[in-house]
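Here is the structure we will look at, set down as structure tokens.
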Amino acid sequence: MFDVDVATGDIRRGTTSAHWYQLGLARARRCPLFSEGHTVEVHPDCGAPVCGEVIPDMASIASLVREAHRKLMPGVPLVGWDVAITAEAGVCLLEANLSCNFFRASFDERVYFAFAEALLGRLEGKAGRC
0 MFDVDVATGD IRRGTTSAHW YQLGLARARR CPLFSEGHTV EVHPDCGAPV CGEVIPDMAS
60 IASLVREAHR KLMPGVPLVG WDVAITAEAG VCLLEANLSC NFFRASFDER VYFAFAEALL
120 GRLEGKAGRC
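Per the numbering used here, the sequence shown starts with residue 0, numbered consecutively.
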């Protein structure tokens, strides 16, 4: 997984996440909270450089995922969308991740935490009304 600047398409450092998905309490205790030491700069299969590359036309990709979210999951507050850019079909949605994460990603923490706080406040207000 690579951190991508949504405005420019610049691909930044990557990380692995396999160490997060291990079964058993003993392994969970050894799992690092952050992905330090798991930095990736090249494609894991072919070794091609990834960091420093630029994803073209990020505006249309962002528009696609916003539209997909609006149409497919309007009641879901946060979705991680996986997108592919293909020679045959152009930009394609691969999947929606309802348990998305921010492994070493860059994001506006102030905006995100304000969003999360407001969402939790709304949920607390609905507690007991089901």
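Every residue gets a Cβ at the ideal spot worked out from N, C-alpha and C, and that includes glycine.
Residue i - containing alpha helix (DSSP H), residue span
i, result
"F1", "Where F1 is concerned, there is no enclosing alpha helix (DSSP H), although the beta strand (DSSP E) it sits in stretches over 1–3."
"R121", "108–125"
Distance between beta carbons of residue j and residue i, contact taken as under 8 Å
i, j, result
"G8", "M0", "In fact, because the Cβ distance is near 16 Å, the residues do not count as touching under 8 Å."
"I84", "V53", "About 12 Å separates the two Cβ atoms, so there is no contact after all."
CA-to-CA distance, residue j to residue i, given in whole angstroms
i, j, result
"S98", "M72", "14 Å"
"A117", "A61", "23 Å"
"G79", "R65", "11 Å"
"G51", "D4", "11 Å"
"N100", "F106", "11 Å"
"G120", "R69", "22 Å"
"T38", "G124", "41 Å"
"L77", "A6", "19 Å"
Secondary structure of residue i, DSSP reduced to three states
i, result
"L77", "coil"
"I60", "helix"
"A47", "coil"
"G8", "coil"
"A83", "strand"
"S34", "Only weak support exists for where S34 lies, its pLDDT of 47 falling under 50; the coordinates are left without a value."
Residue i: first and last residue of the uninterrupted beta strand (DSSP E) it sits in
i, result
"E94", "89–96"
Contact under 9 Å by Cβ, residue i with residue j
i, j, result
"V75", "L93", "no"
"S59", "V90", "yes"
"A67", "A95", "yes"
"D2", "A86", "no"
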